[in-house]
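There are 2 protein chains.
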Amino acid sequence: MGHVVIDVMPKTEILDPQGQAIAGALPRLGIDQFADVRQGKRFVLAVDGDVTQEHLAQARAAAEKMLSNPVIEDVVSVRVLEADGR
Amino acid sequence: MGHVVIDVMPKTEILDPQGQAIAGALPRLGIDQFADVRQGKRFVLAVDGDVTQEHLAQARAAAEKMLSNPVIEDVVSVRVLEADGR
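Each protein sequence line maps, in turn, to chains P and F.
Each residue of the first sequence is one higher than the one before, starting from -3 at the first, in the numbering used here.
Each residue of the second sequence is one higher than the one before, starting from -3 at the first, in the numbering used here.
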């Protein structure tokens, strides 16, 4: 079974309150080395057999039409899931 | 500015209603090649300068302590953000 990964993030110019809340809370865990945190969405789509160019094209269409809001989000990556989970 | 990416996904044995809702809706867009869809979270943490091993260790601690629920989610990847957005 092959997998396609789609990553969607808030546009950089858009305020990300969730990310800011996390950035504000991390120091309470003693984690203080991060200047900024942004939270987005990660989708993994399974296909029978290996991933083909057709699968990647359909995944991009799904990302742009359904899985992201083009006004406030960017589809930053549509790729084949690698063995190491990237 | 360097960036660390953290990917968090629902554990495979856990029901993912959001992913199922998407999988059920895609055929209405004529997208019918995906056997399954799972939705997780993607975090991007910014650091001043280049990412170090210390940053990656702190990011993993943040992922395990705050950014995921170990009962229902897995931290699937903690890595340096690559130029192509992966």
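Backbone N, C-alpha and C fix where the C-beta goes; we use that ideal spot for every residue, glycine too.
How would you call residue i, buried or exposed, if buried means at least 16 neighbouring beta carbons within 10 angstroms?
i, result
"residue 68 (chain F)", "exposed"
"residue 11 (chain P)", "exposed"
"residue 49 (chain F)", "exposed"
"residue 58 (chain P)", "buried"
"residue 6 (chain P)", "buried"
Straight-line CA distance for residue i to residue j?
i, j, result
"residue 14 (chain P)", "residue 66 (chain P)", "19 Å"
"residue 28 (chain P)", "residue 55 (chain F)", "10 Å"
"residue 33 (chain F)", "residue 30 (chain P)", "31 Å"
"residue 22 (chain P)", "residue 70 (chain F)", "19 Å"
"residue 75 (chain P)", "residue 52 (chain P)", "7 Å"
"residue 77 (chain F)", "residue 43 (chain F)", "11 Å"
"residue 19 (chain P)", "residue 9 (chain P)", "17 Å"
What whole-angstrom Cβ distance do residue i and residue j have, given they're in contact under 8 Å?
i, j, result
"residue 73 (chain F)", "residue 1 (chain F)", "7 Å"
"residue 63 (chain F)", "residue 4 (chain F)", "6 Å"
"residue 37 (chain F)", "residue 25 (chain P)", "That pair is no contact at about 18 Å."
"residue -2 (chain P)", "residue 46 (chain P)", "5 Å"
"residue 39 (chain F)", "residue 35 (chain P)", "5 Å"
Using a threshold of 7 Å, is the CB atom of residue i nearer than that to any non-hydrogen atom of the ligand SAM?
i, result
"residue 0 (chain F)", "Although the ligand SAM was asked about, the structure shown includes no ligands whatsoever."
Continuous beta strand (DSSP E) assignments of at least 3 residues falling wholly in the segment 34 to 80 of chain F: 69 to 76
- request: Could you run through the segment 36 to 68 of chain P and flag, in chain order, every residue whose CB is less than 8 Å away from some CB of chain F?
  value: 36, 37, 38, 39, 40, 41, 42, 43, 44, 50, 51, 54, 55, 57, 58, 61, 62, 63
field: Contact set between the segment 20 to 35 of chain P and chain F, restricted to residues whose Cβ is under 7 Å from the partner
entry: 21, 22, 25, 27, 29, 30, 31, 32, 33, 34, 35
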